[in-house]
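Q:
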Amino acid sequence: MSATDYSVDASSISRLDVQPWKQTALRAREVLSNSIPAKWKLHTNFETPDTDFPHAVLDCGILTSRQVELTQLTASELLPMLHTGTLSAAELTEAFCARAAIAQQLINCLTDFFPEEAIESAKALDAEYSKTRKLRGPLHGLPIAIKDTYAVRGKRTTNGCAAWYDSEPAGEDAALVQVVKDAGAIVFARTTMPQTGMALETVSPLWGRTLNPYNSRFGSGGSSGGDGALVAMHGAPCAPLASDIGGSIRAPAAFNGLYGMRPTSDRVPRTGLVSQRLGQISIKASCGPICHSLSDLKLLVKLILTHPTLPYEPTCISGFWKETHPKIKLTIGILATDGIVDPHPPVTRALRDVATSLQAAGHQVIEFTPPIDLWKAAITTWKLYFQNGAIETKAALAASGEPLIVQFRHYLDTFNVREHTVSEISECHRQQAAYKKAFVDAWDATANETQTGMPMDCIITPSAPLAGSPHDFPLWWGYTTIWNLIDYPSIIMPLKSFRLNPIKDAKDMSYQPRDNPFDKPNWEIYDPEMWKTQPMTFQVVGRNCRDEELISAVEVIDNVTPPDELARNTATQREWYSAATLEHLLLDLSKAAHPNQLKSPKARRHRATPRATVNSAQPDDNEGAIPISSSLNVSPNYDSGNLSRFFEAGVISSQWEGFEEKGTFRDVYIGTDVANLHHLVRDHELPGSGCLFYPFPAIRDELSWKPAAHGPSIYHYLPAEALNDLSSFPVRPVRDALVDTYFEDIHPGFPIVDEASFRKRYKDPDNPPALVVFQAMLLAAARITDHPQVAASREMTTAVLFKRAKTLFDLRHEHDRVDLIQAALLMAWYTDSSSDTVASNAYYWVGSAVRIAFGMGLHRTASLRYVPPNRRRFDRKYKKIWWILLYSEVMLALEYGRPSLIRADDFDVGILEDDDFKNMDDSEDLAVKGRFCSILGDISIVVLDMLSLRGPRGRPTHDSLSTTAAIERQLAAVAMRIAPTHDAWSCQLRIIYNLVALIFYRNNSDGDEGAAKLCSEAASNILTTFEAMVVHGTIRQCHLSTTTALTAAAIQFAREARSATAAGSIIKAVSAHGQLERLLGPAEALSQYFSHIKAVCKLCKSLSARAELLIKESQEPNSRLLSTDSQFPPDTSIDWESIMTNYRMPNNLGFNGLDLGDEGEEWLHDFSWANVDDPSYNGTDQ
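Residue numbers (the working numbering): 816 to 1997.
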């Protein structure tokens, strides 16, 4: 299908061409082009791509790194910065104007652009804030663009029609434009829409065609296609005022991979909304946002539905907002097809996977069948759209001679749009009312199918029958228009890393299209190759005027739905552990899962600081080589000759034989100037070098990947079955699920393993990942996964995986010491509730990692290293490891009250920067939460200062006071950086911050009411944040250090109950007791994943019972508890023996198998290799 060409330029318009629309279009486009400042113009030689336009924005070189950083943030991330004055409205507006200008030149998404005016308005707003310290409103300083269908004071509104281009500028703002301006937003542009607004592609003879940001052959959706495309290009943080009468918010959100909501139309102000159909009120337009996050969506919808500065808006009911809390369990109807046009295969698969994920999370999913004939409903819809035959629309186009766009003409013909009589319109209204009644009855009737006995909460259904629309293709509107006809709110949700699979999503050549004008073209046009770059979304529908409940349901769904392809976690094989021979295992690894490509925006600081130290590397042309790295403390059997070579050949030699022989290299860290080796090197180096790292020969011959009896002598002490067990894994479906869990739920916040390199090696049978790291990764993922087979026996599973990883670690089988650091950090996720917290558990393993890191010099800046420049890309890998290691170490020191192995004066590694979050192959690691990692680094520095105050030797008083003040300032700075959102990473930051604040102030709260109050607030914040994570289904993503906050909060609440009781303040005591009781909920939820939290549950119960007894006794006459010197009665003492009961695993976790009586757990020691490579294998043994 060739798209209609609406390009116009002076050379293409002949002097004899009298069609006014072409002259108008040429003039309009020249004015728009001239509004872009020269500094933001693309270079004439810039090569415009056919796909991935957002990346082209970064490649063009126009934006500064600061502008890139700011424009990648969501509105919810930007507004706290604007509201605290840490970011100026002027700077932010200029950044988005620059990016919008680039977007316009690439995809044609604007109709009007006035950056200078907007920047001046932003400066005035900054001056106002500087003077008054008052915010204009909730959108204070946020730059936005407005769709070209709203009246904006002083600007023309064209509605995509050439005849309206020369209309008078609006004298006043539309109602909702006034609302967002009153809220403090700054308007800098107008966005494109299709001719008349009645098409799901944005194209017009006046403005031309708006391209899809991911594929130039596709449209951006319509009619709010300019909004969707601009937001997808990050040319605006959000589009608060898209509009929708048949899918015009939802199609652009869907085709651009964004969130979008069509609220109930009767709740939305519509004054000033320009259209050729203003007299048509049978199906009312709705207005809502298109944005990058659910938090943005909720903020903007609340503003629209409450419209606080328009209390008497005549086009809608009075504004209100009913705050609702997300339900723990939902009942969801699934409408997979409307029976008119079947969705394309990837759309169907995505919806099916969403349903599977919801069921796995404990939600009920039921089939929902539309109670009406949706083809007849579509006919009614189009009759109501154009009750007079579209005479106003046709007249507007005739005035300029412009042609109807292809899509609109197709719909007019297909639905036989003509003028209808009054009686015909009355019949349409009767049908519309009947449709509404049928849906109400059908929705209520679902109560007979639900487990709760209540009607379903929402419906999930395709956003459209396809994931994107080729130019001029007449796609079926039915999946969106039905909800306009009956006025049900609906939300588009992105599946951010869903990727079309040509095999899974192959075209069904046996399909027989239905007998209607849309199904056959929809089937015929499908080609997986055409859609491979398109994002995937789905639609969630709620009941009329229940917009708040719909948003609450979507919050639950958003947290349940994994960000990657969901089908990978649906393995059903009964036998899933097996002991593999190396040959089978490598063959299996070669067929492993595809790399995860989760995209997420980055929010990171740029600081000019030293880079981290590299201690191992691989040649640029051999990424698969196993790197070799070590400190000088290696076995003399392997290394005695190399030490001599090190000095004989010259310590700065860059041509070591070992490098070329093995295709690898390593450094040696010579230590500080107290070390003998340091002085030996100084005597042999070039004058003035000052390096601390030097190239060193290879340690030893490379060993086989799998430990074997013919290996080093230590292996001979292990039986053959033990060595075989070390390279055994869960079967492939479970293994793949664990790898995905690791990179989706652990890696984003703790990026110690390079994902791109790992996934490449995971698929390469000739160069698999480091065995000890792989086993440790599986262990960490098994700790938090919800995979049903792992969850059913989590403790036994983690015990087996821990045994394998620990044995490999102890054997020192791996060459690369960095592998040992990574493995040790990951083994800290194993918690067997052992009472030995010194020689086992996290404290031991993180300490081991620190010692290895010190030996390698990871704590020193890479600028002191002598290696070729092309090795610098390894700096970022080890820099990330260092900062995660630092955080883990200091938080454990804080938890246990023990000295940290790392002191602030011991390292000079710079703060993490943007460039540090790239993979080894220089690709962006889009999964990593850079802002989270950066804030963890800040917290680590604060904790180091806190620990320095509590040492046995102490500090001089003046030093202590100055350090305390500095800590308070640092804590305040950290608090300002934490986003007020409910995603797992922001919640963890809030918990960690409040834990640190609680520990800091409780040690300084004696007689200080202010400090005591801060402790109370911190504990309350910990509780409410944990509760939010339970509600949102993210509690399992808690890092081990986060769980310490449960105990700290419990102690704080118990203290408050005790002190309030002693003071006679029973209300405060009861409140503290209630918080202690509430803490049990998150603790029990977390104990499903971490067995040691069962002890915290017991502690909470014991403290709660104690507090309750104290409160009861305090209310007795002459209670001795009210005296200032009262002591607690002996029978309320805590049962420490019970609380500290070990939740140990069986002691017989030997290599010869487990002597288990329960046959249901035989899979743990059944080492027969299942034929998982055989296509006929179904996952069970007969």
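Cβ atoms here follow ideal geometry from the backbone N, Cα and C, with glycine treated the same way.
Name the residue from Arg842, Ser936 and Ser1019 whose alpha carbon lies nearest to the alpha carbon of Thr819.
A: For this step, residue 819 is matched to residue 4 along the sequence shown. Answer by Cα proximity: Ser1019.
Q: For Asn1203, which residues of its own chain have a beta-carbon under 7 Å away from its beta-carbon, when the five flanking residues on both sides are left out?
A: On the sequence shown, position 388 is the one that residue 1203 refers to. Excluding sequence neighbours, Asn1203 sits near Glu1234.
Q: Would DSSP call Cys976 helix, strand or coil?
A: Position 161 of the sequence shown, counted from the start, is the residue given in the question as residue 976. Cys976 falls in the coil class under three-state DSSP.
Q: What's the call for Gln1247, buried or exposed, on a 16-neighbour Cβ count within 10 Å?
A: Residue 1247 sits at position 432 when you count from the first residue of the sequence shown. Looking at its Cβ environment, which holds 16 or more other Cβ atoms inside 10 Å, Gln1247 is buried.
Q: Between His1225, Ala1887 and Asp1730, which has its C-alpha nearest Glu884's C-alpha?
A: If you number the sequence shown from 1, residue 884 lands on position 69. With distances taken between Cα atoms, Glu884 lies closest to Asp1730.
Q: Which residue wins for smallest C-alpha separation from Thr2021, given the options Gly1712, Thr1612 and Asp1723?
A: Since the first residue of the chain shown is 816 and the last is 1997, residue 2021 is not available in this structure.
Q: According to DSSP, simplified to helix, strand and coil, what is Ile1096?
A: Within the sequence shown, residue 1096 is the residue found at index 281, counting from 1. Three-state DSSP puts Ile1096 in coil, outside helix and strand.
Q: Please check the pair Ser1215 and Thr839, which I expect to be a contact at CB under 8 Å, by giving their CB distance rounded to whole angstroms.
A: Indexing the sequence shown from 1 puts residue 1215 at position 400. Indexing the sequence shown from 1 puts residue 839 at position 24. The Cβ separation is near 6 Å, so the contact holds.
Q: For the beta strand (DSSP E) that Tyr1341 lies in, which residues bound it at each end?
A: Position 526 of the sequence shown holds residue 1341. Careful: Tyr1341 lies outside any beta strand (DSSP E) and carries neither H nor E.
Q: In its own chain, which residues sit with a C-beta less than 6 Å from the C-beta of Gln919, not counting the 5 before and 5 after it?
A: Translated into the one-based positions of the sequence shown, residue 919 becomes position 104. Hits under 6 Å: Leu925.
Q: Note the first and the last residue of the continuous alpha helix (DSSP H) segment covering Gly1745.
A: Numbered from 1 along the sequence shown, position 930 holds the residue referred to as residue 1745. Residues Gly1745 to Leu1764.
Q: Please list the terminal residues of the continuous alpha helix (DSSP H) segment that includes Ile1366.
A: In the sequence shown, the residue the question calls residue 1366 occupies position 551. Note, Ile1366: alpha helix (DSSP H), Asp1362 to Val1375.
Q: I'd like the ranges of any alpha helix (DSSP H) spanning at least 4 consecutive residues and lying wholly in the region 915 to 1000.
A: For the region 915 to 1000, whole alpha helix (DSSP H) runs of length 4 or above, ordered along the chain, are 930 to 947 and 990 to 997.
Q: Span of the alpha helix (DSSP H) holding Gln1604?
A: Working through the sequence shown from its first residue, we reach residue 1604 at position 789. Segment Pro1603 to Ala1606, the alpha helix (DSSP H) holding Gln1604.
Q: Could you have a look at Val1002 and say whether DSSP puts it in helix, strand or coil?
A: Stepping through the sequence shown from its first residue, residue 1002 is reached at position 187. In this structure, Val1002 counts as strand in the three-state DSSP scheme.
Q: Pull up the DSSP beta-bridge partners for Lys1733, would you.
A: Taking the first residue of the sequence shown as 1, we reach residue 1733 at position 918. Note: Lys1733 sits in a beta bridge opposite Glu1739.
Q: First and last residue of the alpha helix (DSSP H) that includes Val1615?
A: Position 800 of the sequence shown holds residue 1615. Where Val1615 is concerned, the enclosing alpha helix (DSSP H) stretches over Arg1609 to Leu1626.
Q: Kindly list the residues whose CB is nearer than 7 Å to the CB of Pro1270, restricted to its own chain and excluding five residues on each side of it in sequence; keep chain order.
A: Within the sequence shown, residue 1270 is the residue found at index 455, counting from 1. Result list for Pro1270: Trp1258, Asp1259, Thr1261 and Ala1262, in chain order.
Q: Using C-beta distances below 6 Å, list every residue in its chain close to His1628, excluding the 5 sequence neighbours before and after it, in chain order.
A: Taking the first residue of the sequence shown as 1, we reach residue 1628 at position 813. Around His1628: Pro1522.
Q: Could you please give the first and the last residue of the uninterrupted beta strand (DSSP E) stretch that includes Glu1999?
A: Only positions 816 to 1997 of the chain appear in this structure, which leaves residue 1999 out of reach.
Q: From which residue to which residue does the alpha helix (DSSP H) around Met1269 run?
A: Position 454 of the sequence shown, counted from the start, is the residue given in the question as residue 1269. Neither: Met1269 is in no alpha helix (DSSP H) and is coded neither H nor E.
Q: From Lys938 to Lys962, what distance separates their C-alpha atoms?
A: Along the sequence shown, read from residue 1 onward, the residue named residue 938 stands at position 123. Along the sequence shown, read from residue 1 onward, the residue named residue 962 stands at position 147. Spanning the two alpha carbons is a distance of roughly 24 Å.
Q: Straight-line CA distance for Arg1632 to Ser1172?
A: Position 817 of the sequence shown, counted from the first residue, corresponds to residue 1632. Position 357 of the sequence shown, counted from the first residue, corresponds to residue 1172. So the two alpha carbons sit approximately 39 Å from each other.
Q: Taking all protein chains shown into account, do 16 or more other C-beta atoms lie within 10 angstroms of the C-beta of Gln849, making it buried, or fewer, making it exposed?
A: The residue labelled residue 849 in the question sits at position 34 within the sequence shown. Here the sequence assigns Asn to residue 849, which means Gln is not the residue at that position. Asn849 comes out exposed.
Q: Please check the pair Leu1716 and Gly1662, which I expect to be a contact at CB under 8 Å, by giving their CB distance rounded to whole angstroms.
A: On the sequence shown, position 901 is the one that residue 1716 refers to. On the sequence shown, position 847 is the one that residue 1662 refers to. Correct: roughly 6 Å between the Cβ atoms.
Q: Please go through the same chain and pick out, in chain order, the residues whose beta-carbon is closer than 8 Å to the beta-carbon of Thr1265, but skip the five residues on each side of it.
A: As a position in the sequence shown, residue 1265 is number 450, starting the count at 1. Answer for Thr1265: Thr1146, Gln1179, Ile1181 and Met1271, listed in chain order.
Q: Does the beta-carbon distance from Gln1354 to Arg1167 come in below 8 Å?
A: Position 539 of the sequence shown, counted from the start, is the residue given in the question as residue 1354. Position 352 of the sequence shown, counted from the start, is the residue given in the question as residue 1167. No, Cβ-Cβ distance for Gln1354 and Arg1167 is not below 8 Å.
Q: Per the contact definition of three or more C-beta pairs closer than 8 Å, is the region 1313 to 1322 in contact with the region 1239 to 1246?
A: No, they do not touch.
Q: Looking at the secondary structure, which residues open and close the alpha helix (DSSP H) in which Met1671 lies?
A: For the purposes of this step, residue 1671 is taken as the residue at position 856 of the sequence shown. From DSSP, the alpha helix (DSSP H) with Met1671 extends over Asn1656 to Met1671.
Q: Can you tell me which of the three DSSP states Cys1053 falls into?
A: Within the sequence shown, residue 1053 is the residue found at index 238, counting from 1. Correct three-state label for Cys1053: strand.
Q: Name the DSSP bridge partner or partners of Thr1352?
A: Within the sequence shown, the letter at position 537 stands for residue 1352. DSSP, once it has assigned bridges, lists Pro1309 as partnering Thr1352.
Q: Which parts of the region 1009 to 1094 are runs of the beta strand (DSSP E), unbroken and 3 residues or longer, counting only runs that do not cross its ends?
A: Fully enclosed beta strand (DSSP E) runs of 3 or longer: 1030 to 1034, 1053 to 1059 and 1074 to 1077.
Q: Do you know offhand how far Ala1279's Cα is from Met1048's?
A: As a working note, residue 1279 is residue 464 in the sequence shown. As a working note, residue 1048 is residue 233 in the sequence shown. Distance between the alpha carbons of Ala1279 and Met1048 is about 22 Å.
Q: Going by C-alpha to C-alpha distance, which of Ala916, Pro1028, Ala1211 and Val992 sits closest to Leu1118?
A: Counting from one through the sequence shown, the residue named residue 1118 turns up at place 303. It is Val992 whose Cα lies nearest to the Cα of Leu1118.
Q: Leaving out five residues before and five after Ile851 in sequence, what residues of the same chain have Cβ atoms less than 6 Å from its Cβ?
A: In the sequence shown, counting from the first residue as 1, residue 851 sits at position 36. Here the set comprises Ala916.
Q: By the 10 Å Cβ neighbour count, where 16 or more other Cβ atoms means buried, how is Met1324 classified, buried or exposed?
A: Position 509 of the sequence shown, counted from the start, is the residue given in the question as residue 1324. Classification for Met1324: exposed.
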